[in-house]
Amino acid sequence: MATLNKDLARLYRNFRLITYKSLFGAIRERSGSLSATEAYAADVIYLLGNPTIKQFAECLGISQPNASYKISNLVSKGYVTRVASDDDRREARLQLSDKFYGYIEPGNELIYSAVSRLEDRYPPEKLLEFEAMLTALNEALEE
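Here is the structure:
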């Protein structure tokens, strides 16, 4: 199991590096570009999947006014929009724009390429078993 722990830690490091490379590689020093902090904030919105400002603030452990300030910067630069919630019209959900997905998509392409290489290397039944294990691992992490 020690090897499995090390392999999973290595995989996690690789995913983080891919994400940082995508985010920071796309950051430019020009008007309207994302700062490092804004890139992280947008990535949190991406990971949470259209959260409310309250959910965003709670996830980061920051005040709602601080979260609103960060969101306002992302909105003014065109990376995030506020969408009125279907459940409660007073509440807004945060939605990422296509402009943000231009930052994150290169990292996803690397993952898709790696999966394609696995499909070339292993038979379908092994891949289904691996997929089941990844699903179980994700569920354990989300508990």
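Under the numbering used here, think of the first position of the sequence shown as 662, with each following residue one higher.
Idealized CB from N, CA, C, for every residue including glycine.
This structure is a prediction, so every number in the text was calculated from the model and none was measured.
For ASP704, count the other beta carbons within 10 Å of its own beta carbon; 16 or more makes it buried, fewer makes it exposed. Which is it? Label assigned to ASP704: buried.
In the DSSP assignment, find the beta strand (DSSP E) that holds THR713 and state where it starts and stops. Where THR713 is concerned, there is no enclosing beta strand (DSSP E), given that its DSSP letter is neither H nor E.
Leaving aside the five residues before and after GLN716 along the sequence, list all residues of the same chain whose C-beta is less than 7 Å from its C-beta, in chain order. The beta carbon of GLN716 sits closer than 7 Å to the beta carbons of LEU709 from its chain, once the five residues preceding and following it are set aside; these are given in chain order.
Return the chain-ordered list of same chain residues with a C-beta closer than 7 Å to the C-beta of ILE706, the five sequence neighbours on each side being excluded. In chain order, PRO712, PHE717, VAL741, LEU755, LEU757 place their CB closer than 7 Å to the CB of ILE706, counting only its own chain and leaving out the 5 sequence neighbours on each side.
Kindly indicate which three-state DSSP category LEU755 falls into: helix, strand or coil? The three-state secondary structure of LEU755, taken from DSSP, is strand.
Go through its chain and collect everything with a Cβ distance to VAL744's Cβ below 6 Å, but skip five positions before and after it. If we look at VAL744 and ignore the five residues flanking it on each side, its Cβ neighbours are ARG754, GLN756.
Ordered along the chain, which non-local residues of its own chain (more than five positions away) have a Cβ less than 7 Å from that of MET794? For MET794, where only same-chain residues beyond five positions count, there are no Cβ hits under 7 Å.
Burial state of SER683 (16 or more Cβ within 10 Å): Label assigned to SER683: buried.
So which of ARG671, ALA697, PHE676 has the shortest CA-CA distance to LEU735? Nearest C-alpha to LEU735 among ARG671, ALA697, PHE676: ALA697.
Less than 7 Å separating the beta-carbons of ILE679 and LEU771? The Cβ atoms of ILE679 and LEU771 lie closer than 7 Å to each other.
Check this for me: beta carbons of ALA702 and LYS738, under 7 Å apart or not? No. Outside cutoff.
Given this structure, state the Cα-to-Cα distance separating ASP747 from SER774, to the nearest angstrom. Roughly 37 Å separates the two Cα atoms.
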